[in-house]
Amino acid sequence: KMDISTPDLKPPPPPQQQRAQRHLPPVPPPTPRRALDDVSRLLPQCQMRGLNASASWLAEIADCLLAKGGGGGGGACGSSGSAQSACELILSLGSDGYTAYCLAKSYLDRGEFLRACAYAKKRCANDSAEQSSHPLLYFLYLYSKYRAAEKRRLDDEAELRWLQQQQPSTQQQQQQQQSPQQQQQQQPAPVVGGAAGLGGSRSAVVQNELIEIKRELELRIRRPGPGLDAYCYYLYALVLKSLGYEDQASAALTTSLRQESALWPAWSMLADLVRNRHELEGLVLPRHWMRQFFLVAAYVRLHESGKAELLLNELTAAHGGCLADCAYLMRYLGIVKDQQRSMGEAKAVFKQLFESDRCALDGADVYSNILYVDNNHSLMADLAHQCVLVDKYRPETCCVVGNYYGLRGSHDKALSYFQRALRLRPDYALVWILVGHEYLELKQVSNAIQAYHKAVTFNPADYRGWYGLGHAHELNNKSYYAIYYFRECERLCNTDPRIMVALGESYSRVSLNEEAKKCYVKAFHLGDPDTMALFRLAELYEHLGEKDNACNAYLMLVSTVIKSGATDTKAEPAAYRFLAQHYLDRNQTEEAAKAAKMCLDYAETKEFGKDLLRQIGLRATAGAGAAVAATGAVATSFGWAKN
81 KMDISTPDLK PPPPPQQQRA QRHLPPVPPP TPRRALDDVS RLLPQCQMRG LNASASWLAE
141 IADCLLAKGG GGGGGACGSS GSAQSACELI LSLGSDGYTA YCLAKSYLDR GEFLRACAYA
201 KKRCANDSAE QSSHPLLYFL YLYSKYRAAE KRRLDDEAEL RWLQQQQPST QQQQQQQQSP
261 QQQQQQQPAP VVGGAAGLGG SRSAVVQNEL IEIKRELELR IRRPGPGLDA YCYYLYALVL
321 KSLGYEDQAS AALTTSLRQE SALWPAWSML ADLVRNRHEL EGLVLPRHWM RQFFLVAAYV
381 RLHESGKAEL LLNELTAAHG GCLADCAYLM RYLGIVKDQQ RSMGEAKAVF KQLFESDRCA
441 LDGADVYSNI LYVDNNHSLM ADLAHQCVLV DKYRPETCCV VGNYYGLRGS HDKALSYFQR
501 ALRLRPDYAL VWILVGHEYL ELKQVSNAIQ AYHKAVTFNP ADYRGWYGLG HAHELNNKSY
561 YAIYYFRECE RLCNTDPRIM VALGESYSRV SLNEEAKKCY VKAFHLGDPD TMALFRLAEL
621 YEHLGEKDNA CNAYLMLVST VIKSGATDTK AEPAAYRFLA QHYLDRNQTE EAAKAAKMCL
681 DYAETKEFGK DLLRQIGLRA TAGAGAAVAA TGAVATSFGW AKN
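Quick note on numbering: the numbering used here labels position 396 of the sequence shown as 476, and the sequence is numbered without any gaps.
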């Protein structure tokens, strides 16, 4: 029987203290000297534990500070202090322990995780020894074991996905007959719950290995003694997340940060666990300068692009702009501009980023999406070529090449590269979304639905997966299901007019006309750059026979198009056609003639405009003849007519 309980972590501060801390003034940007001291202290600690991604981030921050002269003389001091701390940690191992550590760490660096685990375990052979074992060896032992379990899980998932592609089942057709709630319940998920993997591929061996790590860490938490250090609490959070206990993982991370407020891997992972604004506001976090970087990542994840941009501007401008060239901040600035649909600015940011470091791949996937939307073939080809030269088999490279082929219309090739990216990183939510898009291009709606479900499983905070599900179900004429997914999409991002238009169209198809009107009006107030909301609202009014309201909506549409200078080959001719007929029906021939003349500028309404102008001319002629006849009758009655 598997133990799926979790121990109580250290209790958070009382509610009064939480409320007070939540309303503390914002943390100021870091002073260069303090930031450099923290970074130089944590950098060797992360390197010694094999936390290479975090070590790379810390080194990047240190490089920016030193390049701008931001150390203020503190760089040498900070480096000396960090070196002394690292040396003390190494010396505390002893000669035998240091040899065991070096060998285990070398195995870990080579990807031989089980071998590293076995060798480190020699120094942590039993429970009594583990309690007194060195924290560095203890972390390496359990971290290697965790990495081995995760590698096995990824291999199992890749193998299962290949088998499913070779032998397609009827589950996709059956899923289309189910409600959205039933589909969510049947989505791949860990045995215990959460978004940690594809449940069908997670073997019992992997589950048991993760639970063993969890038990060992919990045993150390409960027993008297030093307990877990900040790094082991971070590892505990990794295991909890893999088992689906995301709330407990967040609690473990906050405990880790209370012990070491400069532990960047904990900050970074906590940003990935934030699911909504309420959770973010409820976190009780130390007032450390890294919290600003954490908030940038969390706001971007929650599509709070305005707040993220303010923080980014504050960080890049502080202390003489010592972090202005930080690649991490530049990447997030490009993502923020993309979320704000400022494609030109986003493209400029990423172009500058990749020109300054032509060997970088972080953020290349987002940049390729921007180029795809911008329909920029030349820059897309350059980016794909550059990424292939750097690392052909990085997941980001496969994503970029997939977007390159998708832009060229080679959807089969695009799918093959996206699937290669998923074999390398099965939880790549962005690529799952792109796979769904490609399946829609190939008219394989059921496969697209499966892909979008994977995307929202791995990243439920990304509204694009929910939007894809809604769009795919609309193509299957399942408007009620589409409404469910579009509403989830709106909950995550309520500032995008395209979402409101899509939701309004779904409401309109099931005759929920009042709800549809509200959606179109909200979309118009949110910006409606392509006037689609006004067009749909006018069409709905016309369909319901509310001619005056339809007239007002079409007039507003025409006015908006004229002011913006945009052209819409679908909305404008429909607007002029309706206005011409509407004014003619109300005998407003002058306005009808103006609208009919505008119809002549569009191929689809040209003949209609000619016919309407002919009718207006006939009415004018008939009106003039009637006026002459009436004048003659009056003249005769008064004896004015000529004999």
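Even for Gly, the Cβ is constructed at its ideal location relative to N, Cα and C.
Counting along the chain, N629 sits inside the alpha helix (DSSP H) bounded by residues K627 to S644.
Burial is judged here by how many other beta carbons sit within 10 angstroms of a residue's own beta carbon; Y473 has fewer than 16 and is exposed. Around the beta-carbon of S458, fewer than 16 other beta-carbon atoms lie within 10 Å, marking it exposed.
Closest in C-alpha terms to Y379, from the list A228, A541 and A397, comes A541.
About 4 Å separates the CB atoms of A676 and A660; that is less than 8 Å, so the two are in contact. Of G607, D405, V601 and S639, the smallest CA-CA separation from Y621 is found for V601. Going by beta carbons, E518 and L504 fall outside the 7 Å limit. Counting C-beta pairs with one atom in each stretch, the segment 110 to 127 and the segment 139 to 149 have three or more that are closer than 8 Å, which means they touch.
Comparing alpha-carbon positions, the option among L469, G516, P124 and N449 lying closest to L487 turns out to be N449. Around R500, the same chain offers C478 as residues with beta carbons nearer than 7 Å, after the five sequence neighbours per side are excluded. The C-beta distance from T640 to L617 rounds to 12 Å, too long to meet the 8 Å contact threshold. Judged by beta-carbon spacing, S586 lies beyond the 7 Å limit of P345, meaning their Cβ atoms are not closer than that value.
A Cβ-Cβ distance of about 5 Å is found for the pair D309 and P215, placing them in contact under the 8 Å criterion. Taking R589 as the centre and dropping the five residues before and after it, the same chain places the C-beta of S559 closer than 6 Å to its C-beta, in chain order.
Comparing alpha-carbon positions, the option among L637, Y223 and Y497 lying closest to H605 turns out to be L637. Pairing L463 with R411, the inter-Cα distance amounts to about 15 Å.
The continuous stretches of alpha helix (DSSP H) do not include A440, and DSSP gives it neither H nor E. N483 is the residue among N483, F658, V285 and C126 whose C-alpha sits nearest the C-alpha of L510. Using a Cβ distance threshold of 7 Å, L395 and L413 do not count as a contacting pair. Following the DSSP letters along the chain, one finds P124 inside the alpha helix (DSSP H) bounded by residues P112 to M128. The beta carbon of F538 is closer than 8 Å to those of A275, D507, Y508, A509 and W512 in its chain, skipping five residues each way along the sequence.
Taking 4 residues as the minimum length, the alpha helix (DSSP H) runs contained wholly in the segment 447 to 529 are 457 to 470, 475 to 487, 491 to 504 and 509 to 521, in order along the chain. A check of alpha carbon separations from L549 across L514, D576, P577 and T575 identifies L514 as the nearest. In the three-state reduction of the DSSP assignment, R227 falls in the helix class.
Going by C-alpha positions, D418 is about 6 Å away from A426. In the structure shown, G401 falls within a coil segment according to DSSP collapsed to helix, strand and coil.
In this structure, DSSP gives Y314 a helical state, which the three-state scheme calls helix. Classified as buried, D576 has 16 or more neighbouring CB atoms from the shown chains inside 10 Å of its CB. Taking the CA atoms as reference points, A139 sits about 7 Å from L123. For T669, the enclosing alpha helix (DSSP H) starts and ends at T669 to C679. Assigned with DSSP and collapsed to three states, N132 falls in helix. Straight through space, the alpha carbons of Y497 and V481 are spaced by roughly 7 Å. By the C-beta density criterion, T701 is exposed, having fewer than 16 other C-beta atoms within 10 angstroms. DSSP, reduced to helix, strand and coil, places A541 outside both helices and strands of the structure shown, so it counts as coil. Looking at the backbone, the Cα of L520 and that of L502 are separated by about 18 Å. At least 7 Å separates the beta-carbon of Y314 from that of L297.
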